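Engineer:
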Amino acid sequence: MTVPYHHQVATSKPHLILKLLFRWKGSVWKSVLVEYLIWIVSYFIIYAIYRYALPKYNQKSLEEFIRFCDKSLGFIPLNFMLSFFVTTVVNRWTVMFTNLGLIDNVALFTAQYVQGDDARGRMFRRNIVRYCCLAHAILLRDVSMKIRRRFPTIDSMVPAGFMMPHELEKYESIKNRYNKSWVPLNWALSLLNIAKEEGRVDSEYLEYAVATEIRNLRANMITIWQHDWVSIPVLYPQVVFAATYIYFILALFARQFIIPQDQLSGEVDLHFPIISSITFIIYVGWMKVAMALLNPFGEDDDDFDCNFLLDRNLTVLFPELD
Amino acid sequence: MTVPYHHQVATSKPHLILKLLFRWKGSVWKSVLVEYLIWIVSYFIIYAIYRYALPKYNQKSLEEFIRFCDKSLGFIPLNFMLSFFVTTVVNRWTVMFTNLGLIDNVALFTAQYVQGDDARGRMFRRNIVRYCCLAHAILLRDVSMKIRRRFPTIDSMVPAGFMMPHELEKYESIKNRYNKSWVPLNWALSLLNIAKEEGRVDSEYLEYAVATEIRNLRANMITIWQHDWVSIPVLYPQVVFAATYIYFILALFARQFIIPQDQLSGEVDLHFPIISSITFIIYVGWMKVAMALLNPFGEDDDDFDCNFLLDRNLTVLFPELD
Amino acid sequence: MTVPYHHQVATSKPHLILKLLFRWKGSVWKSVLVEYLIWIVSYFIIYAIYRYALPKYNQKSLEEFIRFCDKSLGFIPLNFMLSFFVTTVVNRWTVMFTNLGLIDNVALFTAQYVQGDDARGRMFRRNIVRYCCLAHAILLRDVSMKIRRRFPTIDSMVPAGFMMPHELEKYESIKNRYNKSWVPLNWALSLLNIAKEEGRVDSEYLEYAVATEIRNLRANMITIWQHDWVSIPVLYPQVVFAATYIYFILALFARQFIIPQDQLSGEVDLHFPIISSITFIIYVGWMKVAMALLNPFGEDDDDFDCNFLLDRNLTVLFPELD
Amino acid sequence: MTVPYHHQVATSKPHLILKLLFRWKGSVWKSVLVEYLIWIVSYFIIYAIYRYALPKYNQKSLEEFIRFCDKSLGFIPLNFMLSFFVTTVVNRWTVMFTNLGLIDNVALFTAQYVQGDDARGRMFRRNIVRYCCLAHAILLRDVSMKIRRRFPTIDSMVPAGFMMPHELEKYESIKNRYNKSWVPLNWALSLLNIAKEEGRVDSEYLEYAVATEIRNLRANMITIWQHDWVSIPVLYPQVVFAATYIYFILALFARQFIIPQDQLSGEVDLHFPIISSITFIIYVGWMKVAMALLNPFGEDDDDFDCNFLLDRNLTVLFPELD
Amino acid sequence: MTVPYHHQVATSKPHLILKLLFRWKGSVWKSVLVEYLIWIVSYFIIYAIYRYALPKYNQKSLEEFIRFCDKSLGFIPLNFMLSFFVTTVVNRWTVMFTNLGLIDNVALFTAQYVQGDDARGRMFRRNIVRYCCLAHAILLRDVSMKIRRRFPTIDSMVPAGFMMPHELEKYESIKNRYNKSWVPLNWALSLLNIAKEEGRVDSEYLEYAVATEIRNLRANMITIWQHDWVSIPVLYPQVVFAATYIYFILALFARQFIIPQDQLSGEVDLHFPIISSITFIIYVGWMKVAMALLNPFGEDDDDFDCNFLLDRNLTVLFPELD
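Written as structure tokens, this is what we have:
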């Protein structure tokens, strides 16, 4: 579920921001915790080896290596890579999120233009909208982990009310190895056609108005499917994530405090790498933004709440139709 | 209310810019004031401890720590994070602001295509547009703090003229735990249908023209609702705001002037951190841009003036209909 | 008037670029002139005080301050702020400029679908298009300084041929404290309706085709109005412009040449701050780009030439209608 | 084929990221391998010359040159060029990818509005959709290497089922030296016209609905064609790629370890350029992102899988039509 | 002509990239050649003056100035300015390029909906499409240098087959000092109207379908015209190009090698400014990207090939109409 916090930032007062910073669910703190623990433990292993295990001569060599790493770390363009990659991923995420598919427009026009206060009229309206919900659910099953877990098989959609048993049969009689989410949309259009022929839709003009909304829903669904099919080429995230990890592996050495030669050298020996820990959390947290948004249909705290969406579509829309 | 200043920048003459800089309402100065006071007081507490409370030996250690902080501060990529995050937030804000929902197009076509100079004709036109205003107001109640305060309950919309008492009853008879802003739009479409049947709309083609505008309004409203529902994942603002705060907490130490050892060292001892204050105001002010725009329906000086919008829609549009 | 220079950059030959650089009208040189003069005079006042007015001891303190400023100037992220802010402003400017509202499409379809070669047919076509021009002019009066000066009152539109005296009366009889630019568009639609009833428009379908173009014009006009209503929150330009000004106030000190102690120090003493002048012109010129584009309806050399637009719309379109 | 990895980033757990990093197919490691081997071999050739082949005096000169290169390398703005160029290329790639052309909407409306359960009705529907697939395939032949190899001549489309032999004749009778992908779309529209005349399409309104979808497909196809016709001006990738290559040619010298003068100098002598290797992989990998996306219809691992698309369009759509 | 190179980057193999780098036509090497020669000659003039013409004392002053320039060069934010400006220009270029105006959609629908296999039917179809091509050509004459040279007067369009002599007369009888590209579009619509009246277009609905495509072409043309009318305010390119030129004028001094005082100083004296030459080519090449794209209708190697477009439109479309 996306973690809502808009009301916390209604004003930009400092105390509200503090509350925002100290959330746990979906937070940057939670997402970097494991990595940070691994990093800090590794840091202290190297710390112990350097200070207590190494003979004097090797210590010197290691110090030279530490200084060299420290100087060279700046060559890795982490800033640029992370900021541009995050922006690219956010843009992609925005496209997906604006195409998530609210079925409201279909429902608005179905309610209006498929007429008849009798049971049959209601049946037409309800089924057209339900078929859209069903198509949506079938698509999301292929895209979203959460929906896949909720509906491990197509059969499991029947008890949830998305599908009737006889529809399931009809659905499964169509053999095709690709996603079949278009099938219920065809049913919806056929139903609309029958309603038209029974005189429940005033004219083909209004029929087309409803059909256009169904087409728009399909366009939304195809956009989602396309973005699931063609990911950002794998070498882009690879190079960015690899740069981040390598940076901090080098930092394990580069950020070691060198034992001050004498009191006057002015070098500080803090033992605990406080600044490097902060840097670690900030950079890795930043990378996690990209990761969390790369597959917004996954299972992170902040991924799209497709279950909510499916339920809302069914619940909001049905009263509209009566 | 968004603070208007366009006429102040009609030309880019220097004196106009100065006037722009010294505004208070909605200004960067106002927004960073509290944070700056806290920061400067903390600065002088550390200043006092360092200079007067610490024994010589600890002073030396602190100085080492100060130098270390000063050197390490550059590792926090504040520039990159703030500039990219602000851009992302501005883009999102732009989408919301272009979908705020002006009901003008609905009114234009209603005025034109729902005919009849008699009272009933006027009633049709006025009610269709009023229902759109009502739907808009119901949505904004869920999104905007200010509208929520203006209309703490749905009932309070009746005296404001958005709703009739009998409509309120009808509205509340619909049970649904999600936002019901679609209800008045359905009413508007039904009314349009009746007008059509009474021969006040020339053809279904023109009816559809009006209906399309109502649908577009709904699409606008859904965009607003979606952006309220799915925020930018919380870890993105968290990591940016945390970086900013941590930067300035470290700066409390890093920017302390070290007591010059001797007259020749060339180190300056200004006591008051003038440059750091400037930096603080600029960076925190920049962060406040992101905060102010993150929830544009909040209560900052510069948030959208939804009350103005609702009132304007009602006022501008009604004469158009007669 | 936007300053045209496209034909100067037809190829990227060096001599063409030089010609481009040495233009004066709308140029960066013209826009930074006043600020630069103030800055350079201030620079030499401080120069004189430092070199001739201060006693030896204070001179030393000032030098320390100069060195400190020089070192600290890098903390102000001018690069990032200006580049991102300019990009945001350019995007906004682009949206405004593509919505400036050419009435060509209205004219194209009016000419085609409102038929009749007699005087009355011409009257219909001319008036529909003139009303659109009028609506456009009324809107621009509220937005653009130049149009406001050209038409200080609504009355002054009558002699300019945008409005007939009897239309002025009708216009002023509508009481409304908001912008009334929608009024002439309603007139245009009414006229279209009458033409339809007189059989001069073949069908409601074609009537709607014309009406849709009028609606699109209105959508353009509303976009302009919205962008005038909701500016970029004032704290964003404030923080950017303040950063720029503060940077150069500090530079007044930081860029002073320190009197070389002895011949061997290797410090240069150029007296005239040539590099800093260049930096000043570049940075402040960059800031001026943002300023000039922030309100493109102002009176800078490069702001939109709305007068040209209004005249062109009237002139280009009328022959098209006969 | 685009390499799918979305399910690997369903959550942002560390072990999933490691799995992502160690993929080979389409990976950054695979793409930089050849270049890296050439670079590292060159590095060791220079290493050998410097250490073993050069006389003392020339060694000194070379060391000066190495130090000079090391200092100057920072003048090449690789960060800026790569990050902005990659973003520009990614945006272009996104446009192409969203216009790849799914024929689903054509099929949806053809299935619905071209009626008749008899063989002739099915023939109409199947052929209209097949003609769209054919037009798509002809276009992609000109754009994509893979499709060109699959269909080296137009003739080879006949056995693949995209074309009938008599259609091939008709197609080749049209003489034109430009891409003829519009021909089958004309056929599709003609067929639609005939279906209309036979009463299989209810009205011209619905015929237009189908025709609009065919037009949209053509718009998609033209977008692809346009992007293939007008590349990003060649000097942009040239300057970026040249900068990257020159950077690493200089790095061959700049990153040589200088033989420490004495033990106390503190200079490290690692022999193997570990940090520079990392930098090489990251920067060249980053450049490869731009290269891989510059022509997404090429033969990289991550280029669009046009074969899949063509097959899917044929397979998914045909059951929909029966 | 845009220089095609897509097939060269079908894969990202190293040897392909080398081939890309060593192209000459439209290349960065060609575009910076003149500037580079001027720069390098100036460099050696200063070199000669510094080393051979100046007395010892002035040499010392110059060296101080060189060191000062070297230090100060970093104050010019060339990286930021070029990268953001290039991105802005690329975006603008993309808009122009996607609105170049392919007349395909007009032809597709004209071929379909303007019926009749006789000569008169063909005449209608051919003329409607030819008028669109003509309108396009008249617009491009005003925008593109190349088209202007091809058609120095409107008369010269007659032999090229875009216009008939009697049409030229009609065209010139319309007095108007603005671009008259709308005239042939009006003719096309009139012709369409006549075809409708003769029963060659089935209904006004289909007439409108064709008219809509003509309107879309006009919208494309207006977009091109608008972008030609309103350039990016001249002070933006001025400030960017000025910064680049000033940078390299300063570099003439800053990048001089200082004559090493003694053998031990470790300063290198390469005589030829190899790194600075590389930097020059990269930065000025980058600037040339902006220049080449600023006016894509100019005469650079990489500007839009409008002649090709006009010819293609005439050639591709005519067979489609028979």
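Chains as they are written, first to last, in the working numbering: chain A, 926 to 1247; chain B, 926 to 1247; chain C, 926 to 1247; chain D, 926 to 1247; chain E, 926 to 1247. Beta carbons are placed, not taken as given, at the ideal position from N, Cα and C, and that holds for glycine. Given the structure is predicted, the values throughout are model-derived calculations rather than measurements.
Along the segment 1067–1094 of chain C, what residues have a CB closer than 7 Å to any CB found in chain B?
Structural biologist: MET1070
Engineer: Could you say which of B:LYS1213, B:PHE969, B:LEU962 lies nearest to PHE1178 (chain B) if we only look at CA atoms?
Structural biologist: Here residue 1178 (chain B) refers to the residue found at position 253 when the second sequence is read from its first residue. Here the closest residue by C-alpha is B:PHE969.
Engineer: Let me know the secondary structure DSSP gives ASP1153 (chain A) once reduced to three states.
Structural biologist: Here residue 1153 (chain A) is taken as the residue at index 228 of the first sequence, counted from 1. DSSP places ASP1153 (chain A) in helix when its eight states are reduced to three.
Engineer: With a threshold of 8 Å between beta-carbons, can ILE1203 (chain D) be considered close to chain A, or not?
Structural biologist: Reading the fourth sequence from its first residue, position 278 is the one you call residue 1203 (chain D). Chain A contact via Cβ: present.
Engineer: If you reduce the DSSP assignment to three classes, tell me which class TRP949 (chain D) lands in.
Structural biologist: One-based indexing of the fourth sequence puts residue 949 (chain D) at position 24. It is coil, neither helix nor strand.
Engineer: Cβ closer than 7 Å: which chain D residues qualify as neighbours of PRO939 (chain E)?
Structural biologist: Here residue 939 (chain E) refers to the residue found at position 14 of the fifth sequence. Those are VAL959, GLU960, listed as they occur along chain D.
Engineer: Exposed or buried, which one is VAL957 (chain C) when buried takes at least 16 other CB atoms within 10 Å?
Structural biologist: Locating residue 957 (chain C) in the third sequence gives position 32, counting from the first residue. Buried, because 16 or more other Cβ atoms sit within 10 Å of the Cβ of VAL957 (chain C).
Engineer: Under the three-state reduction of DSSP, which class applies to GLU1224 (chain B): helix, strand or coil?
Structural biologist: In the second sequence, residue 1224 (chain B) corresponds to position 299, counting from 1. Residue state, collapsed to three classes: coil.
Engineer: Can you have a look at MET1212 (chain A) and say buried or exposed, based on whether 16 or more other CB atoms are within 10 angstroms of its CB?
Structural biologist: Indexing the first sequence from 1 puts residue 1212 (chain A) at position 287. Flag for MET1212 (chain A) reads buried.
Engineer: Take every Cβ of the segment 1029–1040 of chain D, pair it with every Cβ of the segment 1096–1111 of chain D, and state whether three or more of those distances are shorter than 8 Å.
Structural biologist: no
Engineer: Could you spell out the range, first to last residue, of the alpha helix (DSSP H) harbouring SER1069 (chain B)?
Structural biologist: Locating residue 1069 (chain B) in the second sequence gives position 144, where the first residue counts as 1. No alpha helix (DSSP H) contains SER1069 (chain B), which DSSP labels as neither H nor E.
Engineer: Near MET926 (chain D), which residues of its chain fall below 6 Å by C-beta distance, leaving aside the five closest residues on each side in sequence?
Structural biologist: The residue given as residue 926 (chain D) occupies position 1 in the fourth sequence. Because MET926 (chain D) carries a pLDDT of 45, less than 50, the predicted location of this residue cannot be relied on, and no value is offered for it.
Engineer: Got a sec, what are the start and stop residues for the alpha helix (DSSP H) HIS1091 (chain A) sits in?
Structural biologist: Taking the first sequence and counting its residues from 1, one reaches residue 1091 (chain A) at position 166. Per DSSP, HIS1091 (chain A) belongs to the alpha helix (DSSP H) from 1090–1097.
Engineer: If we cut at 8 Å on Cβ distances, does ALA1134 (chain B) have a partner in chain A?
Structural biologist: Working through the second sequence from its first residue, we reach residue 1134 (chain B) at position 209. Cβ-Cβ to chain A under 8 Å: no for ALA1134 (chain B).
Engineer: Give the range of the alpha helix (DSSP H) segment to which MET1082 (chain A) is assigned.
Structural biologist: Indexing the first sequence from 1 puts residue 1082 (chain A) at position 157. Note, MET1082 (chain A): premise wrong, no alpha helix (DSSP H); not H, not E.
Engineer: Would you give the residue range spanned by the alpha helix (DSSP H) that PHE1166 (chain D) belongs to?
Structural biologist: What you label residue 1166 (chain D) is simply residue 241 of the fourth sequence in a count that begins at 1. Taken as a continuous stretch (DSSP letters only), the alpha helix (DSSP H) holding PHE1166 (chain D) covers 1160–1179.
Engineer: Using the three-state DSSP reduction, which class does VAL1126 (chain C) fall into: helix, strand or coil?
Structural biologist: The residue given as residue 1126 (chain C) occupies position 201 in the third sequence. In the structure shown, VAL1126 (chain C) sits in coil (DSSP, three-state: anything other than H, G, I, E or B).
Engineer: Which residue's Cα is closest to the Cα of ILE1053 (chain E): E:ASN1232, E:ILE1203, E:LEU941, E:ALA1120?
Structural biologist: Looking up residue 1053 (chain E) in the fifth sequence gives position 128. Of the candidates E:ASN1232, E:ILE1203, E:LEU941, E:ALA1120, the one whose C-alpha sits nearest the C-alpha of ILE1053 (chain E) is E:ALA1120.
Engineer: Report yes if the C-beta distance between PHE1009 (chain A) and VAL1011 (chain D) is below 8 Å; otherwise report no.
Structural biologist: Within the first sequence, numbered from 1, the residue matching residue 1009 (chain A) stands at position 84. Within the fourth sequence, numbered from 1, the residue matching residue 1011 (chain D) stands at position 86. Yes, Cβ-Cβ distance for PHE1009 (chain A) and VAL1011 (chain D) is below 8 Å.
Engineer: Could you list the residues in the segment 1151–1163 of chain E with a C-beta less than 8 Å from some C-beta on chain C, going in chain order?
Structural biologist: GLN1151, ASP1153, TRP1154, VAL1155, SER1156, ILE1157, PRO1158, VAL1159, LEU1160, TYR1161, PRO1162, GLN1163
Engineer: Our contact map puts PRO1158 (chain A) next to ALA1215 (chain D) with C-beta atoms below 8 Å; I'd like the distance itself, whole angstroms only.
Structural biologist: In the first sequence, the residue the question calls residue 1158 (chain A) occupies position 233. In the fourth sequence, the residue the question calls residue 1215 (chain D) occupies position 290. At roughly 11 Å, the Cβ-Cβ gap does not stay under 8 Å, so PRO1158 (chain A) and ALA1215 (chain D) are not in contact.
Engineer: Does any C-beta atom of chain H lie closer than 8 Å to the C-beta of TRP1211 (chain B)?
Structural biologist: Absent from the structure: chain H. Protein chains present are A, B, C, D and E.
Engineer: Can you have a look at TRP964 (chain B) and say buried or exposed, based on whether 16 or more other CB atoms are within 10 angstroms of its CB?
Structural biologist: One-based indexing of the second sequence puts residue 964 (chain B) at position 39. TRP964 (chain B) is buried by the Cβ-count criterion.
Engineer: Which residues in chain E have a C-beta closer than 7 Å to the C-beta of THR1013 (chain D)? List them in chain order.
Structural biologist: Within the fourth sequence, numbered from 1, the residue matching residue 1013 (chain D) stands at position 88. Here the neighbours are THR1012, VAL1015.
Engineer: Taking Cβ positions only, does MET1021 (chain E) come closer than 8 Å to chain C?
Structural biologist: Residue numbering aside, residue 1021 (chain E) sits at position 96 when the fifth sequence is read from its first letter. Taking Cβ atoms only, chain C never reaches closer than 8 Å to MET1021 (chain E), which makes this a no.
Engineer: Is it right to say ARG1055 (chain E) is buried, meaning 16 or more other beta carbons lie within 10 angstroms of its own, or is it exposed?
Structural biologist: Counting from one through the fifth sequence, the residue named residue 1055 (chain E) turns up at place 130. By the neighbour-count rule (16 or more Cβ atoms within 10 Å), ARG1055 (chain E) is buried.
Engineer: Taking Cβ-Cβ distances shorter than 7 Å, what residues in chain D pair up with TYR930 (chain E)?
Structural biologist: Here residue 930 (chain E) is taken as the residue at index 5 of the fifth sequence, counted from 1. Under the 7 Å cutoff, chain D gives SER1156, VAL1159.
Engineer: In terms of residues, what are the limits of the alpha helix (DSSP H) holding ASP995 (chain C)?
Structural biologist: Sequence index remark: in the third sequence, residue 995 (chain C) carries index 70 (1-based). Under the DSSP assignment, ASP995 (chain C) falls in the alpha helix (DSSP H) whose first and last residues are 981–997.
Engineer: Please work out which residues of its chain come closer than 6 Å, Cβ to Cβ, to ARG1066 (chain C), disregarding the five sequence neighbours upstream and downstream, and give them in chain order.
Structural biologist: For this step, residue 1066 (chain C) is matched to residue 141 along the third sequence. So the qualifying residues of the chain are ILE1072, ARG1073, PHE1076.
Engineer: Taking the alpha helix (DSSP H) that ASN1004 (chain C) belongs to, which residues open and close that run?
Structural biologist: Taking the first residue of the third sequence as 1, we reach residue 1004 (chain C) at position 79. Element bounds for ASN1004 (chain C): 1003–1023.
Engineer: For ILE1099 (chain E), which residues in the same chain have their Cβ closer than 7 Å to its Cβ, ignoring the five residues on either side in sequence?
Structural biologist: Locating residue 1099 (chain E) in the fifth sequence gives position 174, where the first residue counts as 1. Excluding five sequence positions before and after ILE1099 (chain E), the CB atoms of its chain that fall closer than 7 Å to its own CB belong to LYS1105, VAL1108, given in chain order.
Engineer: What does PHE1229 (chain B) touch in chain C if you count any residue whose Cβ is under 8 Å from its own?
Structural biologist: To locate residue 1229 (chain B), count along the second sequence from 1; it is residue 304. Within chain C, VAL1155 have C-beta atoms less than 8 Å from the C-beta of PHE1229 (chain B), given in sequence order.
Engineer: Flag ASN1220 (chain C) as yes if its beta-carbon sits less than 8 Å from any beta-carbon of chain E, otherwise no.
Structural biologist: Here residue 1220 (chain C) refers to the residue found at position 295 when the third sequence is read from its first residue. Taking Cβ atoms only, chain E never reaches closer than 8 Å to ASN1220 (chain C), which makes this a no.
Engineer: Can you confirm whether MET926 (chain C), when its beta carbon is compared against all beta carbons of chain B, has any partner nearer than 8 Å?
Structural biologist: As a position in the third sequence, residue 926 (chain C) is number 1, starting the count at 1. Caution is warranted here: a pLDDT of 46 is assigned to MET926 (chain C), below 50, making its placement in the model unreliable, and the coordinate value is therefore given only provisionally. False, the Cβ-Cβ gap to chain B never drops below 8 Å.
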